[in-house]
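Numbering (the working numbering), first residue to last: 2 to 232. All residues carry an ideal CB built from backbone N, CA and C; glycine is no exception.
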């Protein structure tokens with residue numbers, strides 16, 4: 002996969018590249034995640050600088066763009082050429098294929114940018130989702146702890162997801178490029194990237210510190226609130 006070909010030296014070349022972005026619709030999950038474009042972030046780099054520095058954000062966006070570009074390349078001249086990412090992932094049978102890996106990572110990253118927000122904005126659920134989280138986990142803090150614990154338990158790389166499962170919030174882990182999209186009955190709410198590229202430039206090998214900061218200060222529960230109500 003893309004990040005495995007880079008190595009540590011590859012970061013310097015990524016940081017020198019320009020990263021054009023394309024306009025997308027307002028931050029509603031599926032329309033953004035479903036399009037083969039780079040989303041326009043709903044925050045500025047300095048807004049999340051307390052947790053992730055601009056150089057990390059820029060390098061991460063370039064990796065995301067690599068997945069988008071590779072997916073575009075792979076679907077050309079195929080039955081998938083005019084499909085959204087959602088449709089591609091739904092139709093693909095070979096989950097180990099190059100197309101599935103790149104499309105899945107493009108899709109998950111689109112969710113990730115909507116799943117985070119500046120510290121102090123949307124950092125706790127409200128309304129029906131708050132009630133469901135409190136009932137299931139005991140409190141929002143206990144839910145945060147479950148997300149952190151899930152990330153700490155990942156061997157290698159992957160994603161932690163909060164999902165809706167039969168009107169109940171649940172924390173799950175998706176290894177490598179796997180997504181919850183194909184799982185029957187699961188509605189993705191938000192995610193945190195636990196690949197090294199998401200945090201290494203700022204935290205080196207201290208994944209625990211990244212997870213603690215990301216889960217407590219970056220999670221955009223407003224996004225999850227909206228999705229909880231509409232799905």
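Identify which residue in 132, 178, 165, 163 has its Cα closest to the Cα of residue 98.
-> 178
Give the C-beta separation of residue 147 and residue 174 to the nearest angstrom, bearing in mind that I take them to be a contact with Cβ-Cβ under 8 Å.
-> 11 Å between Cβ atoms; not a contact.
Limits of the beta strand (DSSP E) - the one that residue 165 falls within | 159-166
Given residue 48, which residues of its chain have a CB within under 6 Å of its CB, disregarding the five upstream and five downstream residues?
-> 119
Would you report the Cα separation of residue 65 and residue 75, rounded to the nearest angstrom?
-> 15 Å
Do residue 129 and residue 225 have their CB atoms nearer than 8 Å?
-> no
With 16 as the cutoff for other CB atoms within 10 Å, does residue 116 come out buried or exposed?
-> buried
Is residue 24 buried or exposed, if buried means 16 or more other CB atoms sit within 10 Å of its CB?
-> Because residue 24 carries a pLDDT of 36, less than 50, the predicted location of this residue cannot be relied on, and no value is offered for it.
Identify whether residue 194 lies in helix, strand or coil by the three-state DSSP scheme.
-> strand
Using three-state DSSP, classify residue 215 as helix, strand or coil.
-> helix
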